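These protein sequences, in sequence, are chains A and B. Per the numbering used here, residue 372 is the first one in the first sequence, and the count goes up by one each step. Per the numbering used here, residue 181 is the first one in the second sequence, and the count goes up by one each step. A short write-up of the structure that comes next.
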Amino acid sequence: MAAIPAEFSSAPVLPKWVAPVLLLAFAYGVVPLVGSSYLFEAILLPFLALGLAGVGLNILTGYAGQVSLGSAAFMAAGAFAAYNFNLRIDGLPLIGSIVLAGLVAAAIGIVFGLPSLRLRGFYLAVSTLAAQFFVQWALTKFSWFSNNSASGVIDAPRLSIGGLALDGAVGRYLFALTIVAVLTFLAHRLVSSQTGRNFIAIRDNETAARIIGIPVLKTKLLAFAISSFIIGVAGVIWAFAYLRTVEPDGFDLDRSFQILFIIIIGGLASIRGAFFGAALIVVFPLALSRLGGFLLGDVFDSGVLDMSQRIVLGALIILFLILEPDGLVALWDRIRRRLLFAWQST
Amino acid sequence: MPLPSYALGVVEASVYAPEVLARGLPASQLSGGQPEDRGVSAEPIVASAPLLSLQGIGLSFGGVVALADIDLSVRQGEIRAIIGPNGAGKSSLINVISGVYRPDRGRIGLHGASYAQVPTQRLAHLGVARTFQNLALFKGLSVLDNVAAGLAYKVRSNFAGQVLGIGRSREERRDSLNRADQILDFLDLAAVRDRLAGTLPYGLQKRVELARALVAEPRLLLLDEPMAGMTASEKTEMASFVRAARDRFATTVVLIEHDVGVVMGLSDRIAVLDYGRKIADATPDEVRNDPRVIDAYLGVASDNEDGAGI
Ligand SMILES: Nc1ncnc2c1ncn2[C@@H]1O[C@H](COP(=O)(O)OP(=O)(O)OP(=O)(O)O)[C@@H](O)[C@H]1O
Ligand SMILES: [Mg+2]
Chain A
372 MAAIPAEFSS
382 APVLPKWVAP
392 VLLLAFAYGV
402 VPLVGSSYLF
412 EAILLPFLAL
422 GLAGVGLNIL
432 TGYAGQVSLG
442 SAAFMAAGAF
452 AAYNFNLRID
462 GLPLIGSIVL
472 AGLVAAAIGI
482 VFGLPSLRLR
492 GFYLAVSTLA
502 AQFFVQWALT
512 KFSWFSNNSA
522 SGVIDAPRLS
532 IGGLALDGAV
542 GRYLFALTIV
552 AVLTFLAHRL
562 VSSQTGRNFI
572 AIRDNETAAR
582 IIGIPVLKTK
592 LLAFAISSFI
602 IGVAGVIWAF
612 AYLRTVEPDG
622 FDLDRSFQIL
632 FIIIIGGLAS
642 IRGAFFGAAL
652 IVVFPLALSR
662 LGGFLLGDVF
672 DSGVLDMSQR
682 IVLGALIILF
692 LILEPDGLVA
702 LWDRIRRRLL
712 FAWQST
Chain B
181 MPLPSYALGV
191 VEASVYAPEV
201 LARGLPASQL
211 SGGQPEDRGV
221 SAEPIVASAP
231 LLSLQGIGLS
241 FGGVVALADI
251 DLSVRQGEIR
261 AIIGPNGAGK
271 SSLINVISGV
281 YRPDRGRIGL
291 HGASYAQVPT
301 QRLAHLGVAR
311 TFQNLALFKG
321 LSVLDNVAAG
331 LAYKVRSNFA
341 GQVLGIGRSR
351 EERRDSLNRA
361 DQILDFLDLA
371 AVRDRLAGTL
381 PYGLQKRVEL
391 ARALVAEPRL
401 LLLDEPMAGM
411 TASEKTEMAS
421 FVRAARDRFA
431 TTVVLIEHDV
441 GVVMGLSDRI
451 AVLDYGRKIA
461 DATPDEVRND
471 PRVIDAYLGV
481 ASDNEDGAGI
């Protein structure tokens, strides 16, 4: 932007890879040593799963401009597919089940992405609801998917990678962290590639994109496929590493909205934004219940908590849409720039 | 017919088709010497062969006749203006040529091939580029990436290769950035290279759109009101860019513009539309003095002069 004073550009900025590498070093080297099991179970595991789902949805909605309300369906598809691959194919390593599950989610994503070739915006969003309802219905209706368990509940298999058991809280955290780090890195590469720029071009002006020869239909379906793959794997993490026991109802429309809110609050078309949003969505109810309990005592029961959560969250979303449409990530960048500027002028 | 300036030797290589000329440019040498994917071999221009010919084009929207029985023939290397009052069907005509609209009747001939509807998805491969009446930039991309996007039709690497940085993806990227940079220099846009396109003032956005169209070195360039909303000096500048682009790339230009002064100075021939019909098609001087054009285009004024049309 023109408004950025020259001082900012002449600042001794660190190479872009430094911050993520430091963060990863911290996440691998420090967090497992100092974290409590509450931190892993209640905060970091859902944060990683939802953050990854946010990355997936952001590719589709933030970058390619295709609104989707079916994210939870793709998470469910991933979770149940991984469960079945793992159950039914002997000797398939866990990582193989996860990749195959991602591919199943991608295939379902392509099928439910077909309406995007004709529909846009609101109408497309409504048509992705079909995925949401269909997948949830199919998983409940056909008990084969849950190996004939009551009400479709599945239990996660033991987690291990290369013979290394990862069943404790720390192990599951490292398992999730590794998958999320790899996929996030690839997603980052994708959005800054030619394909990523094609996504943005289609989002910003589909007719112009078609005129200059971007294969619009193919690119849209690719966005659905890649997005659903990532969201599907996020579903596996959700089911296998975080909850350990899931049922189809856990992947309902509320969850789809939750992921949409994550990218709106965190920042559309930003990989980092998905994690900012996920952090807020995960930490916010915990903080609210602590605060409510502290201020109101026993009156603040789970019913009140649930209601106040919805109210505050709704208000937050409206506030963000009005005041900071680019999300937490833009807010963060602005604050950082201010601090840097203040630091430099001293 | 006034000779196009390139035919007078302004550009040495210009007796050859654009792809030959293009290969002589440093930008294209960087593309690794790959032949342009346009499916037509380089042959000397036959000065009289039309690059674009419309026959009996008719198009209506519900009851509104946007185009009625339009014939149009545009020669290689010419700058052809299309003028007419608001709603005359000018944009519709460009949309028909670029395949955005399918005409109800008639055929579109583009260097040899004939279409009922031009295949938009293949437009860039056919050597046709266009700009839009309303800005159609990719607001979320930098100026450089907007212009480089004009070469998207050539990309052959797939997303996996791009993500992993293998195969031809790096080379493709380097090549398209080089070419985009050259066009930015050519159109004096280098200073805003890294700005987000959506943050530029209107006049510059129009110019970036021209750059995005030009980077593919099209044989046919369709410009829908490239100077709309500009100041007089911006218009003059834009007109000189259009002329320079034609001279440098031997591009044929079809141009919609309301400012008759600009049009008269810039174009080799002018077609005039009124209520979807073509009422004149001649040199600027002939059009200027055509009573039907004066009637239609400046109807009220001439009526009033006669004192008859009140
Ligand atoms: N997509 C469309 N749907 C319905 N009507 C249309 C459409 N496009 C054009 N028209 C109608 O066709 C007629 C010609 O429109 P067009 O945009 O081609 O005019 P124009 O000469 O470009 O006008 P202007 O100088 O205002 O840009 C107008 O009556 C317009 O309302
Ligand atoms: Mg128009």
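Where a beta carbon is used, it is the ideal one built from N, C-alpha and C, also for glycine. No experiment lies behind these values; they were computed from the predicted model shown.
Can you say whether residue i is buried or exposed, counting buried as having 16 or more other CB atoms within 10 angstroms of its CB?
i	result
residue 401 of chain A	exposed
residue 355 of chain B	buried
residue 387 of chain A	exposed
residue 487 of chain A	buried
residue 389 of chain A	exposed
residue 404 of chain B	buried
residue 555 of chain A	buried
residue 696 of chain A	exposed
residue 466 of chain B	exposed
residue 352 of chain B	buried
residue 406 of chain B	buried
residue 381 of chain B	exposed
For ligand 3, I want to know if residue i counts as a neighbour, meaning its beta carbon is within less than 8 Å of at least one of the ligand's heavy atoms.
i	result
residue 298 of chain B	For ligand 3, the structure offers nothing, since it holds only ligand 1 and ligand 2.
Would you say residue i lies against chain B (beta-carbon separation less than 9 Å)?
i	result
residue 565 of chain A	yes
residue 640 of chain A	yes
residue 670 of chain A	no
residue 692 of chain A	no
residue 635 of chain A	no
residue 557 of chain A	yes
residue 582 of chain A	yes
residue 625 of chain A	no
residue 391 of chain A	no
residue 575 of chain A	yes
residue 654 of chain A	no
Quick check: is the beta carbon of residue i nearer than 9 Å to any beta carbon in chain A?
i	result
residue 305 of chain B	yes
residue 278 of chain B	yes
residue 338 of chain B	yes
residue 297 of chain B	no
residue 386 of chain B	no
residue 325 of chain B	yes
residue 256 of chain B	no
residue 451 of chain B	no
residue 354 of chain B	no
residue 313 of chain B	no
residue 269 of chain B	no
residue 433 of chain B	no
residue 320 of chain B	yes
If you draw a straight line from the C-alpha of residue i to the C-alpha of residue j, how long is it?
i	j	result
residue 422 of chain A	residue 648 of chain A	7 Å
residue 327 of chain A	residue 494 of chain A	Since the first and last residues shown for chain A are 372 and 717, residue 327 of chain A lies out of range.
residue 472 of chain A	residue 562 of chain A	23 Å
residue 501 of chain A	residue 589 of chain A	21 Å
residue 434 of chain A	residue 438 of chain B	37 Å
residue 402 of chain B	residue 527 of chain A	60 Å
residue 524 of chain A	residue 419 of chain A	22 Å
residue 245 of chain B	residue 260 of chain B	23 Å
residue 373 of chain B	residue 517 of chain A	55 Å
residue 396 of chain B	residue 580 of chain A	14 Å
residue 357 of chain B	residue 540 of chain A	48 Å
residue 551 of chain A	residue 617 of chain A	20 Å
residue 680 of chain A	residue 674 of chain A	10 Å
residue 461 of chain A	residue 619 of chain A	25 Å
residue 255 of chain B	residue 335 of chain B	30 Å
residue 369 of chain B	residue 600 of chain A	40 Å
How close, in whole Å, do the beta carbons of residue i and residue j come, if the pair is a contact with beta carbons under 8 Å?
i	j	result
residue 416 of chain A	residue 613 of chain A	4 Å
residue 331 of chain B	residue 359 of chain B	6 Å
residue 638 of chain A	residue 699 of chain A	6 Å
residue 454 of chain B	residue 293 of chain B	No, residue 454 of chain B and residue 293 of chain B are not in contact; Cβ-Cβ is about 30 Å, not under 8 Å.
residue 446 of chain B	residue 231 of chain B	In fact, because the Cβ distance is near 18 Å, the residues do not count as touching under 8 Å.
residue 424 of chain A	residue 602 of chain A	5 Å
residue 327 of chain B	residue 375 of chain B	Incorrect: roughly 12 Å between the Cβ atoms, too far for contact.
Checking contacts by CB at 9 Å: is residue i closer than that to chain E?
i	result
residue 432 of chain A	Of the protein chains in the structure, A and B, none is chain E.
- [ ] May I have a chain-ordered list of the beta strand (DSSP E) segments no shorter than 3 residues that lie completely inside the stretch 360-425 of chain B?
- [x] 400-404
Open item on the list: At 4 residues or longer, what runs of the alpha helix (DSSP H) sit wholly inside the stretch 406-456 of chain A?
Closed with: Taking only runs of at least 4 residues, the alpha helix (DSSP H) segments lying wholly in the stretch 406-456 of chain A are 416-428.
Task: Minimum length 3: unbroken beta strand (DSSP E) runs contained in the stretch 295-330 of chain B - done: 308-310
- [ ] Note down, one range per segment and in chain order, each alpha helix (DSSP H) of at least 4 residues found wholly within the stretch 601-651 of chain A.
- [x] Runs of alpha helix (DSSP H) with 4 or more residues, each lying fully within the stretch 601-651 of chain A, are found at 624-637, listed in chain order.
Open item on the list: Quick check on the DSSP output: what are the complete alpha helix (DSSP H) runs of length 4 or more inside the stretch 546-594 of chain A, in order along the chain?
Closed with: 565-575 and 577-582
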